[in-house]
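**Student:** Let me give you the structure first, and then I'll get to my questions.
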Amino acid sequence: MKQHTVIDSPYDPLTLVAEDGILCGLYMAGQRHRPPEETFGVRDETPFGEAIDQLDAYFEGELKEFTLQLRLTGTPFQHSVWEQLRLIPYGETRTYGELAHALGAPGASRAVGLANGKNPVGIIVPCHRVVGAGGGLTGYGGGLDRKKRLLDFEGGAALF
Numbered sequence: 001m002k003q004h005t006v007i008d009s010p011y012d013p014l015t016l017v018a019e020d021g022i023l024c025g026l027y028m029a030g031q032r033h034r035p036p037e038e039t040f041g042v043r044d045e046t047p048f049g050e051a052i053d054q055l056d057a058y059f060e061g062e063l064k065e066f067t068l069q070l071r072l073t074g075t076p077f078q079h080s081v082w083e084q085l086r087l088i089p090y091g092e093t094r095t096y097g098e099l100a101h102a103l104g105a106p107g108a109s110r111a112v113g114l115a116n117g118k119n120p121v122g123i124i125v126p127c128h129r130v131v132g133a134g135g136g137l138t139g140y141g142g143g144l145d146r147k148k149r150l151l152d153f154e155g156g157a158a159l160f
């Protein structure tokens, strides 16, 4: 059973979605690849206490790494990319090429970018920490302005 809630954040409202009590989605307003709202289930804050607490701590600058249980739906390749994203330290960035290399697929930068864009739990799985080959801001499902703001907030803006 799916449930959702909407919380305020410095990056506009965030919609949290859980399936059987486990976080499976975090979506920004206007986000690319955002599922239709009718797929989010009933509105109920019950399963989101820990996620809200960790997000609040993150936005206060007190939390650098999320420890939430997640239920992510995707291909095996997408899962491998999302695991690599979780290894990028707070305040640091990696390029799509570096992620492809870490996966043992140095020619897969484009595929890494596509998987990155399909990340269903932005911020928590920090897809905003991925930049272009020259260190510039490139694609972000939540918009480049939000990506820049998140990187500035984390202190990872040095590359662009």
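Using my numbering, the letters of the sequence shown map in sequence onto residues 1 to 160.
Cβ coordinates follow ideal geometry from the N, Cα and C atoms, glycine included.
Quantities reported herein were computed from a predicted structural model and do not represent experimental measurements.
(1) My output table needs one value for V81: the three-state DSSP class, helix, strand or coil.
(2) With a 10 Å radius around its C-beta and 16 neighbouring C-beta atoms as the bar for buried, classify I22 as buried or exposed.
(3) Specify the secondary structure class of D20 as computed by DSSP and reduced to three states.
(4) For the structure I just gave you, are there three or more beta carbon pairs, one from the region 40-52 and one from the region 91-100, closer than 8 Å?
(5) To test your reading of the DSSP string, which unbroken alpha helix (DSSP H) runs of 4 or more residues are found completely within the region 36-97?
(6) Starting from the C-beta of L41, find all residues in its chain whose C-beta is less than 6 Å away, skip the five residues before and the five after it, and write them out in chain order.
(7) For the beta strand (DSSP E) holding K2, just list the boundary residues, first then last.
**Tutor:** Put simply:
(1) For this step, residue 81 is matched to residue 81 along the sequence shown. If DSSP states are grouped into helix, strand and coil, V81 belongs with the helices.
(2) By 1-based counting over the sequence shown, the position of residue 22 is 22. Its Cβ having fewer than 16 others within 10 Å, I22 is exposed.
(3) Your numbering for residue 20 matches position 20 in the sequence shown. Note: D20 maps to coil in three-state DSSP.
(4) Verdict: no, contact absent.
(5) Within the region 36-97, the complete alpha helix (DSSP H) runs of at least 4 residues are 49-59, 76-86.
(6) Position 41 of the sequence shown, counted from the first residue, corresponds to residue 41. A small fix is needed here, since residue 41 is Gly in this sequence, not Leu. Around G41, the same chain offers K2, Q3, H4 as residues with beta carbons nearer than 6 Å, after the five sequence neighbours per side are excluded.
(7) As a position in the sequence shown, residue 2 is number 2, starting the count at 1. Segment 2-7, the beta strand (DSSP E) holding K2.
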